[in-house]
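> Following UniProt numbering, the numbering of the sequence shown begins with 11 at its first residue and continues without gaps.
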Amino acid sequence: WPRTADWAGGELRLGGLGVRELAAEFATPVYVLDEDDFRARCAAWMGAFPDGDVHYGGKAFLAPAVVGWLRELGLSLDVCSGGELAVARRGGMPAERVVFHGNNKSVAEIRDAVRWGIGCIVLDSFQELERVADIARAFGVRQAVMIRVKPGVDADTHASWATGGENTKFGLSMASGEAAEAVRRVLAEPALDLVGLHSHIGSQIFDLDSFATAAHRMVGFLREVEKENGVTIGKLDLGGGLGVPYLPGEKTAPTPAELAEVLGAVVPPDMRIALEPGRSVVGPTTVAVYEVGTVKGRFISVDGGMSDNPRPATYGAAYTAVVASRASDAAPETFTIVGKHCETGDILVDGVDLPGDVRPGDLLAIPCSGAYQRSAASNYNLLPRPPVVAVRDGAARTIVRRETEEDLLRLYV
Ligand code: LLP
11 WPRTADWAGG
21 ELRLGGLGVR
31 ELAAEFATPV
41 YVLDEDDFRA
51 RCAAWMGAFP
61 DGDVHYGGKA
71 FLAPAVVGWL
81 RELGLSLDVC
91 SGGELAVARR
101 GGMPAERVVF
111 HGNNKSVAEI
121 RDAVRWGIGC
131 IVLDSFQELE
141 RVADIARAFG
151 VRQAVMIRVK
161 PGVDADTHAS
171 WATGGENTKF
181 GLSMASGEAA
191 EAVRRVLAEP
201 ALDLVGLHSH
211 IGSQIFDLDS
221 FATAAHRMVG
231 FLREVEKENG
241 VTIGKLDLGG
251 GLGVPYLPGE
261 KTAPTPAELA
271 EVLGAVVPPD
281 MRIALEPGRS
291 VVGPTTVAVY
301 EVGTVKGRFI
311 SVDGGMSDNP
321 RPATYGAAYT
331 AVVASRASDA
341 APETFTIVGK
351 HCETGDILVD
361 GVDLPGDVRP
371 GDLLAIPCSG
381 AYQRSAASNY
391 NLLPRPPVVA
401 VRDGAARTIV
411 RRETEEDLLR
421 LYV
């Protein structure tokens with residue numbers, strides 16, 4: 011639960027506001043983001059890496075308001091599409107604090123980024139190296155770039171989120187010599203300025219040893235190419251990926267400070283470290299609030315589902331839930347919380363103990379709903395996507411408004 015959560019009188023309060031009041035004002039489903047918690051998590055990252063760069067991974071959840079908080083707190087931003095770039099710009103992030111990722115950025119996206127003066131582009135292939143160089147030349151600028159390297163580390167996580175092995179679409183292989191060749195080509199290209207090397211081993215990782223192994227390999231590789239080419243590169247971006255617990259009693263996640271300690275033992279002090287945490291910054295800050303519509307046997311149906319949270323259906327991700335609108339003394343029973351979509355796989359929580367008297371009109375809260383939920387939400391079955399409401403000091407403000415049927419209809423010709 012986010013840090014301002016409390017349960018006075020059996021009702022969940024966030025940022026000083028009760029969920030009943032929030033649901034009455036903003037309707038459900040709604041994502042409630044605890045702004046103090048978000049800020050504290052950013053501060054923990056900045057405190058752990060005071061001499062480095064902390065780029066928030068915007069893919070986890072992005073909105074102009076979030077960009078404003080990041081800017082204010084000294085973080086930078088990692089974007090992976092023209093759309094995320096547009097939000098970065100709308101939120102007022104200085105161009106030099108934005109890093110652009112992706113294995114197939116379009117020419118239009120690269121042009122837009124270079125024209126804007128983006129801080130860094132992470133090159134993912136030889137073709138992209140040429141494209142970025144051509145575009146930078148056309149604009150008469152020298153574009154700062156990093157090279158994404160495959161460190162050959164298979165992190166212990168869901169196969170969809172492991173990105174550091176040889177067998178991934180991301181980056182250039184260290185083992186095959188591709189990455190070293192990319193370094194030579196970038197250094198030979200006057201329109202490009204090689205400012206660092208990048209690796210990202212995956213997401214939802216609890217094992218700090220995987221980060222240490224990747225860092226160790228990247229340090230060795232960086233020293234090797236520095237020596238071979240007679241240059242100083244000096245910066246290692248080790249990506250994001252620190253995990254967060256979703257369930258009560260799950261293993262606790264390493265803190266940014268613990269990660270800093272482990273990396274500090276591997277990365278020499280003259281090498282600047284950059285990181286890109288997404289989930290560990292925003293995941294735990296946000297609670298999804300749904301209203302119960304029907305209770306039929308063990309199935310509780312709520313007013314959202316796989317369109318606003320695709321993670322259980324896509325990855326088998328596990329969540330928990332509580333009745334957040336009232337206290338109950340009823341004996342617990344095990345329920346399955348399902349959405350309102352037209353398929354059996356539309357499950358939000360597969361087995362959770364809730365008071366046996368749960369009934370229509372109750373509000374259910376699902377914690378740790380900040381990362382890869384609203385940002386990955388769809389309009390499946392033409393459900394409008396829920397809003398995100400930031401709460402702080404007893405005040406609530408919409409930072410992403412609820413979609414309307416009008417919004418949906420606007421797309422049709
Ligand atoms: N940097 C790069 C290059 C990335 O690809 C990612 C995440 C991050 C940073 C941020 O990683 P984080 O700190 O959030 O783990 N949709 C999946 C997660 C996909 C992760 C994509 N890349 C999910 O719902 O769990």
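Quick reminder that beta carbons are idealized off the backbone N, C-alpha and C, glycines included.
(1) If you follow the beta strand (DSSP E) that His208 is part of, which residue opens it and which one closes it?
(2) Distance check for Arg321 and Arg23, CA to CA, integer angstroms please.
(3) Verify the contact flag: Trp55, CB atom, against every heavy atom of ligand 1, threshold strictly below 7 Å.
(4) Which of the three DSSP states is assigned to Asn230 in this structure?
(5) Give the DSSP-derived three-state secondary structure of Ile128 in the structure shown.
(6) By the DSSP assignment, the beta strand (DSSP E) with Ile243 in it spans what residues?
(7) Does the separation of the CB atoms of Leu27 and Ala406 fall below 8 Å?
(8) Would you identify the three-state DSSP class for Thr324, choosing helix, strand or coil?
(9) Going by DSSP, which residues form a beta bridge with Tyr390?
(10) For Glu21, which of helix, strand or coil comes out of DSSP?
(11) In the DSSP assignment, the beta strand (DSSP E) including Gly78 goes from what residue to what residue?
(12) Going by other Cβ atoms of all chains shown within 10 Å of its Cβ, with 16 needed for buried, is Ser86 buried or exposed?
(13) Please classify Gln137 as buried or exposed, where buried requires at least 16 other C-beta atoms within 10 Å of its C-beta.
(14) Could you tell me the distance, in whole angstroms, from the CA atom of Pro264 to the CA atom of Arg289?
(15) For ligand 1, I want to know if His210 counts as a neighbour, meaning its beta carbon is within less than 7 Å of at least one of the ligand's heavy atoms.
(16) How many angstroms separate the CA atom of Leu392 from the CA atom of Gly315?
(17) Which full runs of the alpha helix (DSSP H) of 4+ residues lie inside the UniProt domain "Orn/DAP/Arg decarboxylase 2 C-terminal" (295-380), going along the chain?
(18) Express the C-alpha separation of Val291 and Leu80 in angstroms, rounding to a whole number.
(19) Distance, Cα to Cα, Ile310 vs Leu358?
(20) Hey, Ser213 and Gly250: beta-carbon distance below 8 Å or not?
(21) Which class does Gln137 belong to by DSSP, given the choice of helix, strand or coil?
(22) Relative to the C-alpha of Ala340, which candidate in Pro365, Asp88 and Arg369 has its C-alpha closest?
(23) Across which residues does DSSP place Gln153 in a beta bridge pair?
(24) So does the segment 195-215 actually touch the segment 160-172, counting three or more Cβ pairs closer than 8 Å?
(25) Does the segment 125-145 come within contact of the segment 107-117, defined as at least 3 CB pairs closer than 8 Å?
(26) Check whether the Cβ of Gly67 sits closer than 7 Å to any heavy atom of ligand 1, and report yes or no.
(27) Only counting the same chain, and skipping five residues up and downstream in sequence, which positions put a Cβ closer than 7 Å to that of Thr304?
(28) How would you call Pro258, buried or exposed, if buried means at least 16 neighbouring beta carbons within 10 angstroms?
(29) Is Ala328 a contact residue of ligand 1, with contact defined as CB to any heavy atom under 7 Å?
(30) Tell me the DSSP secondary structure of Leu182 in three-state form.
(31) Would you kindly report the start and end of the unbroken beta strand (DSSP E) that includes Asp63?
(32) May I ask you to report which of helix, strand or coil DSSP gives Gly293?
(33) Closest to Pro74 by CA distance: which of Pro294, Val89, Thr324 and Arg227 is it?
(34) Less than 7 Å separating the Cβ of Pro264 from some heavy atom of ligand 1?
(35) What is the C-beta distance between Leu139 and Ala172, in whole angstroms, given that I count them as a contact (C-beta under 8 Å)?
(36) Should Leu419 go down as buried or exposed, given a rule of 16 or more other Cβ atoms within 10 Å for buried?
According to the structure data:
(1) Run containing His208: Leu202 to His208, per the beta strand (DSSP E) assignment.
(2) So the two alpha carbons sit approximately 25 Å from each other.
(3) Trp55: no, Cβ never under 7 Å from ligand 1.
(4) Position check: residue 230 holds Gly in this sequence, whereas Asn was assumed. Note: Gly230 maps to helix in three-state DSSP.
(5) The answer is coil: DSSP assigns Ile128 none of H, G, I, E or B.
(6) For Ile243, no beta strand (DSSP E) run applies, since DSSP gives it neither H nor E.
(7) The Cβ atoms of Leu27 and Ala406 lie closer than 8 Å to each other.
(8) It is helical.
(9) Answer by DSSP bridge pairing: none, since Tyr390 is not bridged.
(10) Assignment of Glu21 by DSSP, reduced to helix, strand and coil, places it in the coil class.
(11) Per DSSP, Gly78 is not a residue of any beta strand (DSSP E); the alpha helix (DSSP H) it occupies stretches across Pro74 to Leu83.
(12) Ser86 counts as buried, since no fewer than 16 other beta carbons sit within 10 angstroms of its beta carbon.
(13) By the neighbour-count criterion, in which a residue is buried when 16 or more other Cβ atoms sit within 10 angstroms of its Cβ, Gln137 is exposed.
(14) Taking the straight line from one Cα to the other gives about 13 Å.
(15) His210 Cβ: within cutoff of ligand 1.
(16) When rounded, the distance between both Cα atoms is 12 Å.
(17) Taking only runs of at least 4 residues, the alpha helix (DSSP H) segments lying wholly in the UniProt domain "Orn/DAP/Arg decarboxylase 2 C-terminal" (295-380) are 321-325.
(18) Rounded to the nearest angstrom, the gap between the Cα atoms of Leu80 and Val291 is 11 Å.
(19) Computed Cα separation, rounded: 10 Å.
(20) Contact flag set, yes.
(21) Looking at Gln137 - three-state DSSP - the assignment turns out to be helix.
(22) Proximity to Ala340 across Pro365, Asp88 and Arg369 peaks at Pro365, based on C-alpha coordinates.
(23) The partner list for Gln153 (beta bridge, DSSP) reads Leu202.
(24) Output reads yes: the segment 160-172 touches the segment 195-215.
(25) With the cut-off at 8 Å, the segment 125-145 and the segment 107-117 touch.
(26) At least one heavy atom of ligand 1 lies closer than 7 Å to the C-beta of Gly67.
(27) Taking C-beta separations shorter than 7 Å and ignoring five residues to either side along the sequence, the partners of Thr304 in its chain run Ser311 and Pro370, following chain order.
(28) Looking at its Cβ environment, which holds fewer than 16 other Cβ atoms inside 10 Å, Pro258 is exposed.
(29) No, the beta carbon of Ala328 sits no closer than 7 Å to any heavy atom of ligand 1.
(30) In this structure, DSSP gives Leu182 an extended state, which the three-state scheme calls strand.
(31) Residue range Asp63 to Gly67 is occupied by the beta strand (DSSP E) that includes Asp63.
(32) Gly293: helix per DSSP, three-state reduction.
(33) Ranking the options by Cα distance to Pro74, first place goes to Val89.
(34) Checking every heavy atom of ligand 1 against the Cβ of Pro264, none is found closer than 7 Å.
(35) Their Cβ separation, rounded to whole angstroms, is 25 Å, which puts Leu139 and Ala172 out of contact at 8 Å.
(36) Its Cβ having fewer than 16 others within 10 Å, Leu419 is exposed.
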